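The structure under discussion appears below in the form of structure tokens.
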Amino acid sequence: YLADVITRIVEGHPQRRLDDLLPWAYPVMPALRAVA
Numbered sequence: 014y015l016a017d018v019i020t021r022i023v024e025g026h027p028q029r030r031l032d033d034l035l036p037w038a039y040p041v042m043p044a045l046r047a048v049a
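Now the structure itself:
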């Protein structure tokens, strides 16, 4: 999760949409669901 968020910020994710990157707004990935 964290690596993806940092990558998105570096690649120019709009500052006005930073709420999209918060953990509770982040889509659950199937691989992470299996681990959880």
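Numbering (this note's numbering), first residue to last: 14 to 49. Virtual Cβ for every residue (Gly too), placed ideally from N, Cα, C. Please read all numbers here as calculations on a predicted model, not as lab measurements.
PRO27 sits in coil when the DSSP states are folded into three classes, being neither helix nor strand.
Distance from HIS26 to LEU34 at the Cβ level is roughly 7 angstroms; contact confirmed, criterion being Cβ atoms closer than 8 angstroms.
Linking ARG29 to PRO36 through their CA atoms gives a straight-line distance of about 16 angstroms. Shown here, PRO36 sits in a helix according to DSSP, grouped into three states.
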